[in-house]
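Let me begin by presenting the structure, written as structure tokens, before commenting on it.
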Amino acid sequence: MLLEAKGVSKRFGGLQALEDVSFSIGKGEIYGLIGPNGAGKTTLFNVLTGVYAADAGAFVFDGASLARHAPHEIARAGIARTFQNIRLFANLSALENVMIGRHARTRAGVVGAVLRTRGTLAEERAIERRSLELLDYVGIRARANDRAGSLPYGDQRRLEIARALATEPRLLALDEPAAGMKPGSGARLRREDRRRCAGAGAARPQGHRSVSRGTACCLR
Ligand SMILES: Nc1ncnc2c1ncn2[C@@H]1O[C@H](COP(=O)(O)OP(=O)(O)OP(=O)(O)O)[C@@H](O)[C@H]1O
Ligand SMILES: [Mg+2]
């Protein structure tokens, strides 16, 4: 199993947002979380990615417990996510937003960045090349130099996915990935998702408010 949730619970004051949630996701699987507003889908993602600590239970990722890990440690372990409320650097270009995701995976340290060593410059070019490929993959390469905040909503969602993929995750958690997209463009996302899953051996839990969308997207 790539990810196992074991009895995860989370309470906000008097509100039990998650109660004893257990499930498991295998490698290459697309797993859907479906529930009405306030069901706890986003909270589950927030506990998974270390935004909140669980009150009880734990996630086991590839055999290792994720309990009490900070968000950056969870990203480093290979879990990436998108946000229901898009979080991009609005004043940076689309390309720069993806390159930032890529930097989470690269070695060039502060010294290299300041001295602009040959290795650093080569790495920077490789990051840019790969980031452009990812923009191409989500279908917005033509917008690479546009300010992220100026992109239409659907393209901002695509950009978030490209940025998440730039960290080379083994598990990608998409929170309402098709929200605000036209039905046709959501379908394109699904095809791409499946291809990517099969190709990369990644798994993706997704939060979906609409049952039809969720069941159309997910294999389980
Ligand atoms: N930080 C927080 N503090 C207090 N209550 C919260 C917090 N985050 C979420 N909640 C509450 O927990 C419950 C679950 O919310 P959550 O956002 O996880 O639901 P959701 O399934 O993602 O809903 P939606 O479909 O609207 O995105 C809701 O009642 C929400 O108000
Ligand atoms: Mg939500």
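For the sequence shown, our numbering assigns the number 546 to the initial residue and increments by one for each residue that follows.
By construction, the Cβ of each residue, glycine as well, lies at the ideal position given by its N, Cα and C atoms.
All of these numbers come straight from a predicted model, not from anything done at the bench.
Asked	Found
Endpoints, beta strand (DSSP E) assigned at I570	560-570
Three-pair Cβ contact test at 8 Å for the region 665-676 versus the region 600-620	no
Neighbour-count burial assignment, K727, 16 or more Cβ in a 10 Å radius	exposed
Three-state secondary structure (DSSP) of L548	strand
Three-pair Cβ contact test at 8 Å for the region 671-683 versus the region 697-714	yes
Among G646, P581, F568, T662, the one whose alpha carbon lies nearest that of L593	F568
Reference G608; option with closest CA among R686, N690, L548	L548
Sequence-distant residues of the same chain with beta carbon closer than 8 Å to A584, five excluded per side	none
For R626 and F604, believed in contact at Cβ under 8 Å, the rounded distance	13 Å between Cβ atoms; not a contact.
Lining residues of ligand 1 - beta-carbon closer than 5 Å to any non-hydrogen atom, in sequence order	F557, A562, N582, G583, A584, G585, K586, T587, T588, R754
Alpha-carbon spacing of I685 relative to D700, whole angstroms	7 Å
Min CB distance G608 to chain B below 8 Å	Absence of chain B from the displayed structure is noted, only one protein chain being present.
6 Å Cβ shell around G558 - same chain, five flanking residues per side excluded	none
Burial state of N642, where buried means 16 or more other Cβ atoms lie within 10 Å	buried
Inter-residue Cα distance where the pair is E721 and T662	41 Å
Burial state of G664 (16 or more Cβ within 10 Å)	exposed
I645 to A707 span [Cα, whole Å]	11 Å
G752 CB to nearest heavy atom of ligand 2 below 7 Å	yes
Simplified DSSP assignment, three categories, for R613	coil
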